[in-house]
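When you line the sequence shown up against the working numbering, it's residues 11 to 405, in that order.
For each residue, glycine too, the CB sits at the ideal point set by N, CA and C.
One structure is given below, encoded as structure tokens.
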Amino acid sequence: MIRLDDNDRPPSQTRVVVAMSGGVDSSVVAALYAQAGYDVVGVTLQLYDHGEAMHHRPGACCAGQDIYDARTVAEKLGIPHYVLDYESRFRHAVIERFADAYAAGETPIPCVDCNRTVKFRDLLETARDLGADILATGHYVASRALEGGRRGLFRPLDESRDQSYFLYATTQAQIDMLRFPLGETTKPQVRALAESFGLKVADKPDSQDICFVPNGHYTAIVEKLRPEAAEPGEIVHLDGRVLGRHAGVMRFTIGQRKGLGIAAAEPLYVVGINAAQRRVVVGPRSALGVSAIRIDEVNWLGEETLEDAAARERELYVKVRSARAPVPGHLAPAEGGGVEVRLHGIEEGVAPGQACVFYADGEAGTRMLGGGVIRRSAAPFTALTPNVEMMARSA
């Protein structure tokens with residue numbers, strides 16, 4: 011049975027604002043609450059010029075078609091529906107940071123920034139203004155009550171759809187008002203529910219692209235906003251050899267092998283990016299190994315303070331990429347202040363700008379404990395000169 015709320019409030023006296031993207035997931039969430047007798051209001055965010063987005067390829071989210079689909083679903087369910095113009099907020103909080111990160115040689119995750127700001131800060135405030143008791147979305151993550159009245163986020167039943175990695179920055183105050191009913195379901199079950207509700211979006215394809223990136227060509231946006239990210243520079247081997255030239259650091263990420271534009275006798279990977287010097291550093295796969303990760307902008311959701319958890323070197327599991335399984339490690343105080351994660355093994359392709367997300371353990375359905383932005387990693391570059399080592403670590 012799908013859990014909609016843990017409180018004792020009668021559904022008819024509980025107002026639920028549902029963030030409706032126009033896709034099948036959020037549409038089913040709205041239908042579930044409406045069917046159960048809740049006072050449901052649908053809200054769709056206009057995040058950028060959706061007229062332009064109509065020219066994007068199928069699979070791009072948040073376009074004009076999605077707003078139309080959300081409105082159609084709301085009419086089918088008999089619930090009020092509003093479209094909110096959040097274009098300026100989205101540009102400042104998401105698109106500008108996205109371009110800044112690539113210009114700095116990092117690999118950003120715009121969905122994290124969108125969830126952290128526009129959706130779960132600004133939209134949640136709007137939901138409160140509408141008198142909502144709950145803000146519900148179609149994310150695949152489980153929300154459950156904890157002892158003491160708080161709520162926690164947990165990896166979902168359908169691990170193939172796990173979106174907890176993108177929600178690590180959700181604060182405790184936000185979690186207490188948010189609900190994620192699809193955390194207890196699978197995608198096939200959701201599509202079957204959409205069919206049973208008679209929703210035309212039942213077979214709608216899932217979004218694949220970053221919503222504001224036409225045709226997946228993110229470099230056009232970055233170059234327009236931060237032209238310095240497209241300035242040419244050197245591609246340098248770890249041993250100091252200059253192997254070629256590149257057309258901008260924005261085209262590279264740590265761990266990248268294809269599209270380097272150089273010829274070599276051995277497979278080479280991007281192991282460092284120095285944006286200030288416009289230098290891309292490459293090396294063998296063995297140079298990608300990372301044993302410690304420095305993080306900042308940490309959102310900690312554990313019972314103790316982050317400082318106490320680091321001081322006692324609390325063990326946990328971490329994800330450094332959304333599609334990877336959690337791996338064991340522990341928190342520790344970082345030199346110069348803050349915290350770092352020390353891995354119990356070696357991870358490859360740990361890229362600055364990505365997220366390091368914490369979990370209580372490595373099991374399915376485990377609790378998510380927050381996370382932070384990867385800024386620097388320690389790798390076993392044992393045979394390098396200090397200058398090349400610094401260059402490779404993208405300090």
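Per DSSP, cross-strand counterpart(s) of histidine 1: Since the first and last residues shown for the chain are 11 and 405, residue 1 lies out of range.
Residue nearest to isoleucine 272 in terms of C-alpha spacing, selected from Ala257, Ala285 and Leu341: Ala257
Which of helix, strand or coil does DSSP assign to arginine 154? strand
By Cβ distance, which residues of its chain are closer than 6 Å to glycine 380, with the 5 residues on each side in sequence left out? Tyr178, Asn309, Trp310, Leu311 and Phe368
Taking the alpha-carbon of valine 360 as reference, which of Val280, Ala321, Val290 and Ala320 has the nearest alpha-carbon? For valine 360, the nearest C-alpha among the options comes from Val280.
For a test of the three-state rule: what should DSSP assign to glycine 115, helix, strand or coil? coil
Could you check what DSSP says for glutamate 85 in three-state terms: helix, strand or coil? helix
How far does the beta strand (DSSP E) with tyrosine 279 in it reach, from first residue to last? 279 to 284
Which runs of the alpha helix (DSSP H) fall wholly inside the region 309 to 376 and span at least 4 residues, in chain order? 316 to 321
Reducing DSSP to helix, strand and coil, say where threonine 54 ends up. strand
Looking only at DSSP bridge pairs, what is isoleucine 305 linked to? Val349 and Ile384
Using 10 angstroms around the beta-carbon of aspartate 16, count the other beta-carbons present and answer buried if the total reaches 16, otherwise exposed. Classified as exposed, aspartate 16 has fewer than 16 neighbouring CB atoms from the shown chains inside 10 Å of its CB.
Report the rounded CA-to-CA distance for isoleucine 12 versus leucine 203, giving the unit in angstroms. 11 Å
Compute the Euclidean distance between the alpha carbons of proline 118 and threonine 263, then round it to the nearest angstrom. In this model, proline 118 and threonine 263 are separated by some 10 Å (Cα to Cα).
Between the C-alpha atoms of glycine 148 and glutamate 194, what's the straight-line distance to the nearest angstrom? 11 Å
Could you tell me if serine 98 is buried or exposed, where buried requires 16 or more neighbouring beta carbons within 10 angstroms of its beta carbon? Exposed, since its Cβ has fewer than 16 Cβ neighbours within 10 Å.
Pull up the distance between the alpha-carbon of leucine 55 and that of proline 277, whole angstroms please. 44 Å
Which value, in whole angstroms, describes the spacing of the CA atoms of valine 246 and valine 290? 6 Å
Using C-beta distances below 6 Å, list every residue in its chain close to proline 338, excluding the 5 sequence neighbours before and after it, in chain order. Tyr327 and His354
Are the beta-carbon atoms belonging to glutamate 307 and glycine 382 less than 8 Å from one another? yes
Locate the alpha helix (DSSP H) running through glutamate 39, then write down its first and last residues. In the sequence under discussion, the amino acid at residue 39 is valine, which differs from the glutamate named in the question. Taken as a continuous stretch (DSSP letters only), the alpha helix (DSSP H) holding valine 39 covers 34 to 45.
Which class does isoleucine 144 belong to by DSSP, given the choice of helix, strand or coil? Note: isoleucine 144 maps to strand in three-state DSSP.
Identify, in the order they occur along the chain, each residue of the same chain with its Cβ nearer than 8 Å to the Cβ of arginine 107, setting aside the five sequence neighbours on each side. Pro118, Pro120 and Asp123
If I follow the unbroken alpha helix (DSSP H) through valine 200, where does it start and stop? 197 to 207
Enumerate in chain order the residues of its own chain whose CB-to-CB distance from serine 387 is below 6 Å, with the five nearest sequence positions on each side excluded. Cβ within range, chain order: Val300, Ile303 and Val360.
What's the gap between the Cα of isoleucine 412 and the Cα of arginine 267? With the chain represented from 11 up to 405, any question about residue 412 goes unanswered, as that position is not in the structure.
Could you give the DSSP three-state label for leucine 19: helix, strand or coil? The question names leucine, yet the displayed sequence has arginine at residue 19. Here arginine 19 sits in coil by DSSP.
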